[in-house]
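Worksheet: the structure to be examined is printed underneath.
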Amino acid sequence: MALWARQASRWCCLLNASRATAFPRGRKSCGSPAQTCREFGPLALLPAGKDGVRWRLQACRHVSVGTCAKDGSFSSLESNLPSPVKQEQAKVETSPDLNAKILTEDWDDIPPSSALEEISEEEAVQIIAEPILPLQSTTLRDYVDHSETLAKLVHLGVDLSQVEKRQKAGQLLLTLDFEKDIRKILLFLKDVGVEDNQLGPFLTKNPYILGEDLEALETRVAYLKSKKFGKSEIAQMVSRAPYLLLFSVERLDNRLAFFKNELGLSVKKTKDLVIRLPRLLTGKLEPVKENLQVCQIELGFQRNEIQQIVYKTPKILTASKKRLKQTFDYLHNIMGIPHHMLTRFPQVFNSKLLRIRERHMFLAFLGRAQYDPAQPSYISLDQLVSLPDEVFCTEIAKASIQDFENFLKTL
Numbered sequence: 001m002a003l004w005a006r007q008a009s010r011w012c013c014l015l016n017a018s019r020a021t022a023f024p025r026g027r028k029s030c031g032s033p034a035q036t037c038r039e040f041g042p043l044a045l046l047p048a049g050k051d052g053v054r055w056r057l058q059a060c061r062h063v064s065v066g067t068c069a070k071d072g073s074f075s076s077l078e079s080n081l082p083s084p085v086k087q088e089q090a091k092v093e094t095s096p097d098l099n100a101k102i103l104t105e106d107w108d109d110i111p112p113s114s115a116l117e118e119i120s121e122e123e124a125v126q127i128i129a130e131p132i133l134p135l136q137s138t139t140l141r142d143y144v145d146h147s148e149t150l151a152k153l154v155h156l157g158v159d160l161s162q163v164e165k166r167q168k169a170g171q172l173l174l175t176l177d178f179e180k181d182i183r184k185i186l187l188f189l190k191d192v193g194v195e196d197n198q199l200g201p202f203l204t205k206n207p208y209i210l211g212e213d214l215e216a217l218e219t220r221v222a223y224l225k226s227k228k229f230g231k232s233e234i235a236q237m238v239s240r241a242p243y244l245l246l247f248s249v250e251r252l253d254n255r256l257a258f259f260k261n262e263l264g265l266s267v268k269k270t271k272d273l274v275i276r277l278p279r280l281l282t283g284k285l286e287p288v289k290e291n292l293q294v295c296q297i298e299l300g301f302q303r304n305e306i307q308q309i310v311y312k313t314p315k316i317l318t319a320s321k322k323r324l325k326q327t328f329d330y331l332h333n334i335m336g337i338p339h340h341m342l343t344r345f346p347q348v349f350n351s352k353l354l355r356i357r358e359r360h361m362f363l364a365f366l367g368r369a370q371y372d373p374a375q376p377s378y379i380s381l382d383q384l385v386s387l388p389d390e391v392f393c394t395e396i397a398k399a400s401i402q403d404f405e406n407f408l409k410t411l
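Just so it is clear: in the sequence shown, position 347 is 347 by UniProt numbering, and no numbers are missing.
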């Protein structure tokens, strides 16, 4: 109510101002109704004598009393003016009224409704409230609807539930602009050789590459090319070891030198080794050094044997030391496999110990556990662990799969 009262007061002031500019000024004003009425028309046009006095009294009576028409509007003063005055006033009204325009425009100045204004239930139901963006959150899900960058990454196939588990990865994504920061990295990865359907999984594993300098990434790729790695080989290495391009040229060079010198491999064999297991360049060196010591000291392999084992089966460098020793103990001490045979078939160290034990015991039960190549019915370690159960039973054990399953129930 106070708002509308102020607005009505403003309109009245504008009306008074418009009236004052429409008629001649300079006459002295007094507070009587008769003098107020004389301001509505020029004195020269008013009737003289008794008729003029009578007209003034009638006009002033209408203004002072505030007579209203039946429809609620104030009666027009023009109806009480003599005809000469009406004609003259008609001439005056032909001039443009700027104040009327001001009144019309003033409607646009009405301020919006107050927040405390009561509304109907129908209006309240139609209000759609936007969710409040949290200042802090433990999940990126709260920001997906508000971030174009996150929405486009999800469209690419990035798993944000996995990304947010990585230290400060979520904060990094929220500070990046897709068009300015991310698009150029995606184009770079495609140029390196990462397939379109692998971009999502790649960024899920390594979202930090989005914050890397593009020039630094290109320098690292150029270094790999200088070491005679082909384009397809670089693509394979980057796809299988997503963190590879986060390492500086100096660190990559040191890693390649370590494996070359520690294992005594040639440049070509060193390159082949890291192509097959590129995470050797990105993982920690301590487990690698420990496994090399285990193979030499505890398992008793010679340096040249370790070289052959590692070159054929690079995963042995990153395998669990406990699992490595348990597998060797069963193969060497229970099955009687000598070191040189294990060197020829090092893939056996990648197999599960349970699978080796079950098949060996089944062959021993059938009297066919023969692993010496100089003896008849020789069974190689590769056949022992790599063949499917059906093929192993029919071709190696000379038994049915049902016999093998029944035997396993007795263990």
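Built from N, CA and C at the ideal position, the CB exists for glycine as well. Keep in mind it's a predicted model, so treat the numbers as computed, not measured.
Beta-carbon contacts of residue i that lie in its chain and below 7 angstroms, excluding the five residues immediately before and after
i: P287; result: T318
i: H339; result: G300, F301, E305
i: L187; result: none
i: G26; result: For G26, the pLDDT reaches just 42, beneath the cut-off of 50, and the residue's location in the model is therefore unreliable, leaving the point undetermined.
i: L408; result: E358
i: E390; result: I401
i: L277; result: P314, K315
Cut-off 8 angstroms between Cβ atoms - residues of its own chain near residue i, not counting five sequence neighbours on either side
i: N206; result: P242, Y243, L246
i: V385; result: Q347, V348, S351, R355, I356, R359
i: M316; result: In the sequence as presented, Met is not what sits at residue 316; that position holds Ile. The residues are N291, C295, I309, V310, L324, P346, F349, N350.
i: C393; result: A399, S400, I401, D403, F404
i: K269; result: Y311
i: L353; result: R323, Q326, T327, Y330
i: P376; result: Q370
i: L265; result: F259, L273, Q307, Y311
i: A169; result: V163, P207, Y208
i: S232; result: G193
i: V144; result: L150, A151, V154, L160
i: I119; result: none
i: L172; result: P207, Y208, L210, G211
i: V249; result: T219, R220, Y223
Through-space distance from residue j to residue i, alpha-carbon basis
i: W107; j: H146; result: With a pLDDT of 48 at W107, under the threshold of 50, the predicted position of this residue should be treated as unreliable, though the coordinate-derived value follows. If you take the alpha carbons of W107 and H146, they lie about 37 angstroms apart.
i: K184; j: Q198; result: 16 angstroms
i: I182; j: V125; result: 41 angstroms
i: E262; j: K398; result: 45 angstroms
i: H381; j: P314; result: Per the sequence shown, the amino acid found at residue 381 is Leu instead of His. Taking the straight line joining both Cα atoms gives about 18 angstroms.
i: K321; j: R251; result: 26 angstroms
i: E195; j: T282; result: 21 angstroms
i: R303; j: S239; result: 32 angstroms
i: V154; j: Y378; result: 55 angstroms
i: N406; j: L363; result: 14 angstroms
i: K284; j: Q293; result: 16 angstroms
i: E148; j: F178; result: 7 angstroms
i: residue 434; j: V267; result: Examination of residue 434 is not possible in this model, given that the chain is present from 1 through 411 alone.
i: K190; j: L210; result: 14 angstroms
i: A222; j: K289; result: 29 angstroms
i: L411; j: M335; result: 18 angstroms
i: L176; j: Q167; result: 16 angstroms
i: I127; j: K180; result: 36 angstroms
i: M237; j: F229; result: 10 angstroms
Extent of the continuous alpha helix (DSSP H) run through residue i
i: I309; result: 303 to 312
i: G200; result: 199 to 205
i: T270; result: 267 to 276
i: F407; result: 401 to 409
i: L292; result: 286 to 293
Own chain, CB closer than 6 angstroms to residue i, minus 5 neighbours either side, in chain order
i: G157; result: G200
i: L224; result: I234
i: L331; result: I337
i: K165; result: none
i: Q383; result: I396
i: L280; result: V274
i: L203; result: V158
i: R54; result: Residue placement at R54 is poorly supported in this model, since its pLDDT is 45, which falls under 50; the coordinates still yield a value, given next. Closer than 6 angstroms at the Cβ level, and outside the excluded window around R54, lies no residue.
Any non-hydrogen atom of the ligand NAP within 6 angstroms of residue i CB
i: Q347; result: Judged by which ligands are present, the structure shown has none, so any question about the ligand NAP falls away.
Inset, instruction - Check whether the region 339 to 350 touches the region 359 to 370, taking contact to mean three or more Cβ pairs, one atom from each stretch, closer than 8 angstroms. - result: No, the region 339 to 350 is not in contact with the region 359 to 370.
Inset, instruction - For the region 362 to 389, list the alpha helix (DSSP H) runs that are entirely contained and at least 4 residues long, ordered along the chain. - result: If we require 4 residues or more, the alpha helix (DSSP H) runs fully inside the region 362 to 389 come out as 381 to 386.
Legend entry - Segments assigned alpha helix (DSSP H), at least 4 residues, entirely inside the region 215 to 255: Fully enclosed alpha helix (DSSP H) runs of 4 or longer: 231 to 240.
Legend entry - Any alpha helix (DSSP H) of 4 or more consecutive residues that is wholly inside the region 326 to 354: If one requires a minimum length of 4 residues, the alpha helix (DSSP H) runs lying completely within the region 326 to 354 are 339 to 344, in chain order.
Inset, instruction - Mind listing, in chain order, the continuous alpha helix (DSSP H) runs of no fewer than 4 residues lying wholly within the region 157 to 184? - result: Qualifying alpha helix (DSSP H) stretches, in chain order: 160 to 163, 169 to 174.
Inset, instruction - Indicate whether the contact test is met: 3 or more Cβ pairs, each with one atom in the region 250 to 259 and one in the region 210 to 217, closer than 8 angstroms. - result: Contact fails between the region 250 to 259 and the region 210 to 217, because fewer than three Cβ pairs, one in each stretch, are under 8 angstroms apart.
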